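Undergrad: Following the numbering used here from start to finish, the sequence shown increments by one per residue and tops out at 145.
For reference, the structure I am asking about is given below.
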Amino acid sequence: MKKQRGVSLSGLLVFSVILIFILLLGFKLFKPYTEYFALQKIFRTLALKPEVKAGTRRDAIAAWAGYAQIDGITSIGGDDIEITKDGNNVIVSAAYQAKVPLFKNYTLLIDFNPSSAKSGL
25 MKKQRGVSLS GLLVFSVILI FILLLGFKLF KPYTEYFALQ KIFRTLALKP EVKAGTRRDA
85 IAAWAGYAQI DGITSIGGDD IEITKDGNNV IVSAAYQAKV PLFKNYTLLI DFNPSSAKSG
145 L
């Protein structure tokens, strides 16, 4: 007789519960992370614009407002943006927190620091 191989019902259930939990967590974290990566892209674009490099803060915030409206950025506003000069380069950055409600009274708090400087998360 050959030994039977395969997945037991209890193993399938445990695997399914773990997979569903990971998928639900991924769905809840999708929006904050896509917004973070959109901010990174916007900040890099703003840092290269001549009106931000040579203009005032008001010019930079006006340029930011257009990008924020197009991409639907809601986590930060113009007052949260920090613009600094590093030699001839302009660095546009911000720091904010995103609260992601998981279930019942459990919330995940994520700190984001998007910047036009080359760096990771």
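Glycine included, every Cβ here is placed at the ideal spot set by N, Cα and C.
It should be emphasised that the depicted structure is a prediction, and the values quoted were computed from it without experimental measurement.
Residues bridged to Lys123 by DSSP?
TA: Paired residue(s): Leu133.
Undergrad: For the candidate residues Val124, Ser139 and Pro138, whose alpha-carbon lies nearest to that of Phe51?
TA: Among Val124, Ser139 and Pro138, the Cα nearest to that of Phe51 is on Val124.
Undergrad: Return the first residue and the last residue of the alpha helix (DSSP H) that Ser34 is part of.
TA: Leu33 to Leu72 is the extent of the alpha helix (DSSP H) around Ser34.
Undergrad: Could you tell me which of Val38, Asp95, Asp103 and Tyr130 sits nearest to Ala118, measuring between CA atoms?
TA: Here the closest residue by C-alpha is Asp103.
Undergrad: Along the chain, where does the beta strand (DSSP E) that runs through Asp110 open and close?
TA: Unbroken beta strand (DSSP E) run through Asp110: Glu106 to Asp110.
Undergrad: Which of helix, strand or coil does DSSP assign to Ile94?
TA: If DSSP states are grouped into helix, strand and coil, Ile94 belongs with the helices.
Undergrad: For the structure I just gave you, are there three or more beta carbon pairs, one from the stretch 74-84 and one from the stretch 103-115, closer than 8 angstroms?
TA: The stretch 74-84, when compared against the stretch 103-115, does touch it at the 8 angstroms Cβ threshold.
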